[in-house]
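**Student:**
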Amino acid sequence: MSAVWILCLRNLRHFMRDRVRLLITILTPFAFIYVLSSLFRQQLQGNPIQHIIAGVTIATVFQTSLNIAATTIEDISSGFMKEILVSPINRFQVAFGQILAGAIVATLQGFMIFFIGMFTGLGFEKPHTIVLVFLSMFLVGLVYSALGLLMATLVRDAQTYQIVEQAVVLPLVYLSGAYVPVSLFPALLQKLSIINPMTYTTMFFRAIVLENNGTDAEMVKNGLAFYVNGSVFKPWMSGLVVVGCGILFLFLATVTFQQADFTHEHKRRKNTK
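Residues 1 to 273 in full-length UniProt numbering are what the sequence shown spells out, letter by letter.
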């Protein structure tokens, strides 16, 4: 496990040193919070600030998890990954170290947004809610860091990864209800949101933040649940979907990482010089 923590801490230091990116990724969500809270004040029941902060926070955790995978691309391009893999460290440990780093960074960034959001009216009735919020962000960070590692392992090119990442992030986030409630979508987009894993992630996290209060109809309107053939798909069911996606992404990421040939890109770069 020492190798896992060394790789994890390396990625954490790399992220913290990029202060410009850190500042921008903290400030940008509050622009969304300000605009969205003004637009949807009439459509959302209860405290719209809590509702919006929950959506923006989990969207930030998701995007940060995928962004951290870019460090894997850099390691491949620089040849660092090749040097690590010829050491006695198991490939599974390397993959888990990358995923754990992404999850921790995404959780810290999401928690910073949450902490600042407490000064804008965010609050909880139950004292243990903040612990559940922290744990759920870490879970989401693990799930989508695994997805990011899978994408990075398959792509292995920084420019291509940026294109692929945007192609994944934009539809998944905007169809999840993180920014705009799913109940306001056209019928076609509502159907598409059902097959979006981020939809269940958003509902699961938002239910924790809002402490899962209200009737089934209120939960549906607030984006915590939705109807399926007359039955309500409740937040705890969304949590099971998130865990299932996590298991799938972790399995695919670790298997793909263990089978990948990381020497090809490095050799190609040397031959072009």
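Using N, Cα and C, we set each Cβ at its ideal position, and we do this for glycine too.
Output needed for Q258: all residues of its chain with C-beta closer than 6 angstroms, excluding positions within five of it in sequence on either side, in chain order.
**Tutor:** Within the sequence shown, residue 258 is the residue found at index 258, counting from 1. Excluding sequence neighbours, Q258 sits near R91.
**Student:** For the region 178 to 238, list the alpha helix (DSSP H) runs that are entirely contained and at least 4 residues long, ordered along the chain.
**Tutor:** 187 to 194, 197 to 209, 216 to 221
**Student:** Using a 10 Å radius around the Cβ and a threshold of 16 neighbouring Cβ atoms, would you call Y161 buried or exposed?
**Tutor:** Translated into positions along the sequence shown, residue 161 becomes position 161. By the neighbour-count rule (16 or more Cβ atoms within 10 Å), Y161 is buried.
**Student:** On the criterion of 16 or more Cβ atoms from any shown chain inside 10 Å, does F114 qualify as buried, or is it exposed?
**Tutor:** For the purposes of this step, residue 114 is taken as the residue at position 114 of the sequence shown. Its Cβ being crowded by 16 or more others within 10 Å, F114 is buried.
**Student:** Cα-Cα, which of Q50, T60, V20 is closest to V173?
**Tutor:** Locating residue 173 in the sequence shown gives position 173, where the first residue counts as 1. For V173, the nearest C-alpha among the options comes from T60.
**Student:** Taking 8 angstroms as the cut-off, does the region 67 to 75 touch the region 150 to 169 (at least 3 CB pairs, one atom from each stretch)?
**Tutor:** yes
**Student:** Alpha carbon to alpha carbon, how far is F96 from T254? Give it in angstroms, no decimals.
**Tutor:** In the sequence shown, the residue the question calls residue 254 occupies position 254. In the sequence shown, the residue the question calls residue 96 occupies position 96. T254 and F96: Cα-Cα distance of roughly 8 angstroms.
**Student:** Excluding sequence positions up to five away, which residues of its chain have a Cβ less than 6 angstroms from the Cβ of L250?
**Tutor:** Numbered from its first residue, the sequence shown carries residue 250 at position 250. Within its own chain, the residues whose Cβ lies closer than 6 angstroms to the Cβ of L250, once the five positions on either side in sequence are excluded, are A146, listed in chain order.
**Student:** Using DSSP with H/G/I as helix, E/B as strand and the rest coil, what is I73?
**Tutor:** Numbered from its first residue, the sequence shown carries residue 73 at position 73. It is helical.
**Student:** Note down the Cα distance separating D261 from E211, rounded to an integer number of angstroms.
**Tutor:** As a first step, residue 261 must be located in the sequence shown, where it is residue number 261. As a first step, residue 211 must be located in the sequence shown, where it is residue number 211. Cα-Cα distance, rounded: 46 angstroms.
**Student:** Evaluate Q166 with the Cβ neighbour count: other Cβ atoms within 10 Å of its Cβ, from every protein chain shown; 16 or more gives buried, anything less gives exposed.
**Tutor:** For the purposes of this step, residue 166 is identified with residue 166 of the sequence shown, where counting begins at 1. Exposed, by the Cβ-count rule.
**Student:** Alpha carbon to alpha carbon, how far is W236 from F124?
**Tutor:** In the sequence shown, the residue the question calls residue 236 occupies position 236. In the sequence shown, the residue the question calls residue 124 occupies position 124. Each residue's alpha carbon lies about 19 angstroms from the other.
**Student:** Assuming F92 is part of the alpha helix (DSSP H), what are its boundary residues?
**Tutor:** Working through the sequence shown from its first residue, we reach residue 92 at position 92. Element bounds for F92: 91 to 117.
**Student:** Classify S136 as helix, strand or coil using the three-state DSSP reduction.
**Tutor:** As a first step, residue 136 is located in the sequence shown; it is residue number 136 there, counting from the start. Reduced to three states, the DSSP call for S136 is helix.
**Student:** Please say whether V94 and L7 have beta carbons closer to each other than 8 angstroms?
**Tutor:** Here residue 7 corresponds to residue number 7 of the sequence shown, with the count starting at 1. Here residue 94 corresponds to residue number 94 of the sequence shown, with the count starting at 1. Going by C-beta atoms, L7 is nearer than 8 angstroms to V94.
**Student:** Buried or exposed, going by whether 16 or more other CB atoms sit within 10 Å of the CB of residue 278?
**Tutor:** The structure shown has nothing for residue 278, since the chain only spans 1 to 273.
**Student:** Using the rule of at least 16 other Cβ atoms within 10 Å of the residue's Cβ for burial, across every protein chain shown, is N229 buried or exposed?
**Tutor:** For this step, residue 229 is matched to residue 229 along the sequence shown. Result: exposed.
**Student:** Which same chain residues end up closer than 7 angstroms to A225 when comparing Cβ atoms and leaving out the 5 residues on each side of it in sequence?
**Tutor:** Walking along the sequence shown from the start, residue 225 turns up at place 225. Closer than 7 angstroms at Cβ, skipping near neighbours: M203, D216, M219, V232, F233, K234, P235.
**Student:** Can you round the beta-carbon distance between I58 and T201 to whole angstroms, since I take them to be within the 8 angstroms contact cut?
**Tutor:** Your numbering for residue 58 matches position 58 in the sequence shown. Your numbering for residue 201 matches position 201 in the sequence shown. Sure, about 6 angstroms apart at Cβ, within 8 angstroms.
**Student:** Along the chain, where does the alpha helix (DSSP H) that runs through V86 open and close?
**Tutor:** Residue 86 sits at position 86 when you count from the first residue of the sequence shown. Where V86 is concerned, there is no enclosing alpha helix (DSSP H), given that its DSSP letter is neither H nor E.
**Student:** Reducing DSSP to helix, strand and coil, say where S145 ends up.
**Tutor:** In the sequence shown, the residue the question calls residue 145 occupies position 145. DSSP places S145 in helix when its eight states are reduced to three.
**Student:** Would you kindly check if the distance between the Cβ of A103 and the Cβ of F134 is under 8 angstroms?
**Tutor:** The count along the sequence shown starts at 1 and reaches residue 134 at position 134. The count along the sequence shown starts at 1 and reaches residue 103 at position 103. No, these two residues do not count as a Cβ contact at 8 angstroms.
**Student:** So, are the CB atoms of F205 and A54 less than 8 angstroms apart?
**Tutor:** Counting from one through the sequence shown, the residue named residue 205 turns up at place 205. Counting from one through the sequence shown, the residue named residue 54 turns up at place 54. Yes; because the gap between Cβ atoms is below 8 angstroms, this pair is in contact.
**Student:** Per DSSP, what kind of secondary structure is H128 in: helix, strand or coil?
**Tutor:** On the sequence shown, residue 128 is found 128 positions in, with the first residue counted as 1. Here H128 carries a coil assignment [DSSP, helix/strand/coil].
**Student:** What's the gap between the Cα of I76 and the Cα of R156?
**Tutor:** Sequence index remark: in the sequence shown, residue 76 carries index 76 (1-based). Sequence index remark: in the sequence shown, residue 156 carries index 156 (1-based). Here the alpha carbon of I76 sits roughly 7 angstroms from the alpha carbon of R156.
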